[in-house]
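Undergrad: The structure is given below, and queries will be raised subsequently.
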Amino acid sequence: MTAATPLDPLNTLTLDQLRTRTSVKWREYAPDMLPLWVAEMDAVLAPGIVEAVTRALHDGDTGYDHGFRYAEAWAAYAADRWDWHVDPALTMTVADVMTGIVYALGALTEPGAPSS
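All residue numbers in the sequence shown are consecutive under this note's numbering, ending with 150.
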């Protein structure tokens with residue numbers, strides 16, 4: 035893996051840099067094994083995210099979100115990026131991606147439905 039431009043966040047870090055990460059993905063396996071799933075710990079955060087998180091930590095604002103600010107921000111991003119039109123009132127915040135997938139599958143499928 036070689037370093038790329040910052041415009042490509044999944045290819046910015048080299049393999050050697052990734053192996054210095056402290057996450058389970060990069061610490062669980064022997065050096066001769068390469069964990070091949072892609073996860074947030076493989077990308078460099080956008081400067082705006084770093085600034086927002088740093089500000090929240092500095093201010094001690096680390097509680098659970100309330101209202102629709104996150105949903106509104108995401109809806110604006112989705113509209114700008116993909117021309118998706120999402121009603122923030124129809125969204126919900128979840129603890130992590132897999133929890134969101136479980137909720138989505140529960141909403142979109144019937145119990146016992148075949149997987150194909």
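Backbone N, C-alpha and C define an ideal beta-carbon position, used for all residues, glycine too. No experiment lies behind these values; they were computed from the predicted model shown.
Starting from the Cα of residue 59, find the closest Cα among 51, 65, 69, 50 and give me that residue.
TA: 69
Undergrad: Which word fits residue 47, buried or exposed, when buried means at least 16 other C-beta atoms lie within 10 angstroms of its C-beta?
TA: Residue 47 should be labelled buried.
Undergrad: Mind reading off the beta-carbon distance from residue 44 to residue 76? Whole number of angstroms is fine, and I expect it under 8 Å.
TA: Cβ-Cβ separation between residue 44 and residue 76: approximately 6 Å, consistent with a contact (criterion under 8 Å).
Undergrad: Straight-line CA distance for residue 124 to residue 86?
TA: Per the coordinates, the alpha-carbon of residue 124 lies some 25 Å from the alpha-carbon of residue 86.
Undergrad: I'd like the list of long-range same chain contacts for residue 120, defined as Cβ closer than 6 Å, with 5 residues on each side in sequence excluded.
TA: Cβ within range, chain order: 109, 112.
Undergrad: Using the Cα positions of residue 107 and residue 101, report the straight-line distance between them to the nearest angstrom.
TA: 12 Å
Undergrad: For the alpha helix (DSSP H) holding residue 48, just list the boundary residues, first then last.
TA: Looking at the DSSP string, residue 48 is not in any alpha helix (DSSP H), and its letter there is neither H nor E.
Undergrad: In the region 41-114, which residue ranges form an unbroken alpha helix (DSSP H) of at least 4 residues, counting only runs that do not cross its ends?
TA: 49-52, 58-61, 81-93
Undergrad: As a quick exercise: from 149, 139, 99, pick the residue whose alpha carbon is nearest that of residue 129.
TA: Nearest C-alpha to residue 129: 99.
Undergrad: Give the secondary structure of residue 134 by DSSP, where H, G and I count as helix, E and B as strand, and everything else as coil.
TA: Secondary structure at residue 134: helix, using DSSP grouped into helix, strand and coil.
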